[in-house]
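Following: one structure in structure tokens, then a few remarks.
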Amino acid sequence: MRTDSRLSRVLHVLLHMARHDGPLTSEHIAKMLDTNPVVVRRTMAGLREAGYVTSGAGKHGGWSMACDLRSVTLLDIHRAVGGPHLFAIGVDNEHPDCAVEKVVNQALGEALQRAQAILIESLGNVVLADLAQQFDQLCVDGGWDIAARHGNSNAKG
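Residue numbers for the sequence shown, in our numbering: 5 to 161.
Okay, structure coming up:
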């Protein structure tokens, strides 16, 4: 089964944007993610509407961070990009005539509600600043040259 990677890909972009001097174009981000610039613009539009990024046109345009990393959670980002249901599993028939299926649906429904509550709480407890700090530490500890990897000569950290 194919997983939805929008959240992880957007978080990747946001952390690079947070450590970049100046805006990143949709084309640059698309190269980073190995996708099309149209997909980038569509995804980033939700973040812009939520106030997490801004966009500018023209020669020096592109996408820039517009929020305090300490105030935005992973759950906020998930919601801004229109993330899918948190789980792909579910019931076959929501209004079954079969008593066995009713029992199965109830058990699955309760388990999924508990799991979703835990995941939502976890995503809501991590802010972008936490990831940025871990990113910075990884670069320091591992001697990573993140800027060179993504063709970015203006990156910080």
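Yeah, the Cβ is synthetic: ideal placement off N, Cα and C, and Gly gets one too.
- The region 135-142 makes contact with the region 10-25: 3 or more CB pairs, one atom from each, lie closer than 8 angstroms.
- Annotated three-state conformation of residue 107 is helix, per DSSP.
- Scanning its chain for C-beta atoms nearer than 6 angstroms, with the 5 sequence neighbours on each side dropped, one finds around residue 133 the residues 73, 74, in chain order.
- Counting only the Cα atoms, residue 146 lies some 25 angstroms from residue 9.
- Cβ neighbours of residue 44 within its own chain (closer than 6 angstroms, five residues either side excluded): 30, 33, 34.
- The region 83-99 makes contact with the region 109-124; the number of CB pairs closer than 8 angstroms reaches 3 or more.
- In terms of CA proximity to residue 69, 56 leads the group 62, 77, 56.
- The C-beta separation of residue 77 from residue 130 comes to about 6 angstroms, placing the pair in contact by the 8 angstroms criterion.
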